[in-house]
Amino acid sequence: MTESAAESASHHELEAAEQSSGLVSKGLAAGKVGTLSGAILGISCVAPGYTLTASIGLIVAAVGLKMPAIFIAGFIPMFLTAYAYRELNSRAPDCGASFTWSTKAFGPYVGWMCGWGMVMASIIVLSNLAAIAVEFFYLFIARISNNPSIADLADNKAINIVTTLVFLALATAIASRGITTSERVQYVLVGFQMIVLLAFAVMAFVHVGRGDAPVGLSFDLDWFNPFSGLALSAFVVGVTGSIFAFWGWDTCLTLGEESKDPTKVPGRAGLLCVLSILATYLLIAVAVMMYAGVGETDLGLGNPDNAENVFAALADPIMGHWAGPFLFLAILASSVASLQTTFLPAARAMLAMGAYKAFPARFAEVSPRYLVPSFATITAGVVTGVFYTVVSLLSESALLDTIAALGIMICWYYGITAFACVWYFRRELFANARNVVFKFLFPLLGGIVLAAVFVIAIGESMNPENGSGAEIGGIGLVFFMGFGILLLGAVLMLVWRSVNPAFFRGETLRHDTPSLVE
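Residue numbers (the numbering used here): 2 to 519.
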């Protein structure tokens, strides 16, 4: 089958799925994304290189040698929720994803707030990733030029903000050039990132095997057991941290309308993405633990001096002076790749909300040349730039606060989507064993865990000590960036309802009815 014929077939499949579920076409490029490319885009959005260097030290400080078990424990709610996404996408492939499905299950108000959480989570991540990219950019330049003072430029607030805005502008431009351009860029960036991470792990194992590793721990299967040697508080810390670590896999599901098989490819890509990410995390975790141990001195992973950037401390000892900079470049590539792909779910969520009149109609505009939501993409870039600038001026540690706030947003819209799956398919949950497992038990359990973490995160965010220490009126800045943004969304929702009530009357996107369930 030729490429054009395949795209035509995908377009017809998408039309049939949309018509049967009461959805509308948005004008995106159909038949462009396959299972592998979808998984690549999802892996890019997760950014394993950046996530690992930022989280390993923090997790080890809480659980020590149980880091692999914590990754597994945190992976479970993400894996369970992935099935909710897969089942919903197979019935109603739509670029609005969580927004569309939660609206069809619970009505326009819950749907609008779910969509708002999805968009703002992406905005928060974009601001964080741009800042990380800037930090590693100056670190890499300083390293290859043998001028350590260049790395200090990232600490200059004015230079940091300006450079971050430049990175955002470049990422916005690439995201506006079409899904095929994004896909090609990601193959290069993700490929390089994963190759370097694999080389890093292999070289760590080689050092252990030769006996010249600083610690040289022996492998122990008990590291993978989350049911022994872990206090409840440590378990909660692990799950909360991994929500950040695994975020981004749902990008695969926002590309349903651009996939070669809209009802199957996104779900397969999402599952392939989360499984690949878990395997990567476990490989790196075991490698660095066996090499450096979890002590609090020297290269130990528990050393607080290395906690914020473990790879910076281990790059040269493991890979050598000449190969070490490649790890810095890999983290830079990880941040830049994720920065670019994170525009995809944000822009497509806004596109869907515009198409169904939950947002102004301008957001439904699609570039006739590149077949991407141009206005929504540019808006995401501008809002991210403003958000990062404001947070940077208010907080001395904007990165720490944005990561903390992100957990609130992710639990909000992931959790709603998981529960939406159960309610959407409620009339067929017990039709067969498959439905009981994949449409009921898995989504329900995932939703319950995410809801519990959401409640815990809200309470903790009010304490300034659980973030950077920045506060407004004695309440932590994290609370305002997390729950406060959700409250702002509720106000904007009511304002938009008074301006254009069509969506809230159920005129543009139908509420759950028997006709929507086959």
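We put the CB at the ideal spot given by N, CA and C, even for glycine.
Per DSSP, the bridge partner or partners of residue i
| i | result |
| --- | --- |
| E472 | G477 |
Backbone secondary structure at residue i - three-state DSSP
| i | result |
| --- | --- |
| F360 | coil |
| Y425 | helix |
| K158 | helix |
| T52 | helix |
| C96 | coil |
| N433 | coil |
| L276 | helix |
| T241 | helix |
| L218 | coil |
| Y544 | With the chain covering 2 to 519 only, the question about residue 544 has no answer from this structure. |
| T509 | coil |
| F504 | helix |
| A453 | helix |
| K67 | helix |
| W497 | helix |
| S91 | helix |
| L29 | Since pLDDT at L29 reaches only 49, below the 50 mark, its modelled position is unreliable, and no value is offered. |
| W224 | helix |
| Y86 | helix |
| K440 | helix |
| P369 | coil |
| G58 | helix |
| S229 | coil |
| R1 | In the structure displayed, the chain extends from 2 to 519; residue 1 sits before or after that span and is not available. |
| D306 | coil |
| D402 | helix |
| D153 | helix |
| P267 | helix |
| G490 | helix |
| W102 | helix |
| G483 | coil |
| G355 | helix |
| G192 | helix |
| G448 | helix |
| G212 | coil |
Rounded Cβ spacing between residue i and residue j (contact assumed at less than 8 Å)
| i | j | result |
| --- | --- | --- |
| I332 | T54 | 6 Å |
| C253 | A40 | 7 Å |
| G303 | A62 | 6 Å |
| K67 | G301 | Contact doesn't hold; Cβ gap of about 16 Å is too wide. |
| A288 | A205 | 4 Å |
| P444 | T101 | Their Cβ separation, rounded to whole angstroms, is 16 Å, which puts P444 and T101 out of contact at 8 Å. |
| V367 | P374 | 6 Å |
| T165 | Y425 | Not confirmed; about 39 Å, so no contact. |
| V384 | I124 | 6 Å |
| V216 | G294 | 3 Å |
| G116 | A350 | 6 Å |
| W250 | M79 | 7 Å |
Extent of the continuous alpha helix (DSSP H) run through residue i
| i | result |
| --- | --- |
| V111 | P109 to I145 |
| C253 | It is not in any alpha helix (DSSP H) - C253 carries neither H nor E in the DSSP assignment. |
| D299 | Where D299 is concerned, there is no enclosing alpha helix (DSSP H), given that its DSSP letter is neither H nor E. |
| M463 | Counting along the chain, M463 falls outside any alpha helix (DSSP H), and DSSP gives it neither H nor E. |
| T380 | S375 to L395 |
| F329 | V311 to T342 |
| V47 | T36 to V47 |
Test: residue i CB closer than 8 Å to a CB of chain B
| i | result |
| --- | --- |
| L315 | Absence of chain B from the displayed structure is noted, only one protein chain being present. |
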